[in-house]
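K.L.:
Residue numbers (the UniProt record's numbering): 1 to 135.
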Amino acid sequence: MATNNPANSDGLPEDPAELLPPTSVLTLDEYLDMQAAIGDRTRFTLLYRLVHFGERSPKELEEALDVRANTLHYHLQKLVDAGLVEKRKQTRADKDGLFAYYRATSLGEDILEYGVEELIRRERDYRDAYASGQK
1 MATNNPANSD GLPEDPAELL PPTSVLTLDE YLDMQAAIGD RTRFTLLYRL
51 VHFGERSPKE LEEALDVRAN TLHYHLQKLV DAGLVEKRKQ TRADKDGLFA
101 YYRATSLGED ILEYGVEELI RRERDYRDAY ASGQK
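1) With which residues is TYR101 paired in a DSSP beta bridge?
2) Count the CB pairs spanning the segment 13-23 and the segment 44-63 that are closer than 8 Å, and state whether there are at least three.
3) Identify the continuous alpha helix (DSSP H) that holds SER24 and give its terminal residues.
4) Under a three-way DSSP split, which group does ASP40 fall into?
5) Would the segment 100-115 and the segment 83-91 be scored as touching if the rule is three or more Cβ pairs under 8 Å?
6) With DSSP collapsed to three states, give me the class of ASP94.
7) So ALA69 is in the alpha helix (DSSP H); what residue range does that whole segment cover?
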């Protein structure tokens, strides 16, 4: 994947794909697909809930987000396809039957923590620094 594109004065390659380590298990396009997956409000909210409140059944998520089942499953599948969420099926029925459960993957946790949540934290820091300088 590496090319012979020159780097700029900061040592950054012109091709962002070259930022990946040579042994990267993911391509730049796969990373971008993950970012695009959480660019939707419903999917971001789903991932947020799974990261911060743990594994949930579709029924629990449907009720928490107040979305229809078909809409929920569409968005969950997008997150699963991007590698941010995984689906686990119950192997034994309990009193309520068999259920699937969804949980965030470590990549899902990281993209949330170091992506949008980090930007929100930085905005608060900038706002607080600006507000304290105005006194």
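Note that CB positions come from ideal geometry on N, CA and C, so glycine has one too. Note that this is a predicted model, so its numbers are computed, not measured.
P.N.:
The short version:
1) ARG88
2) no
3) Careful: SER24 lies outside any alpha helix (DSSP H) and carries neither H nor E.
4) coil
5) yes
6) strand
7) 69-81
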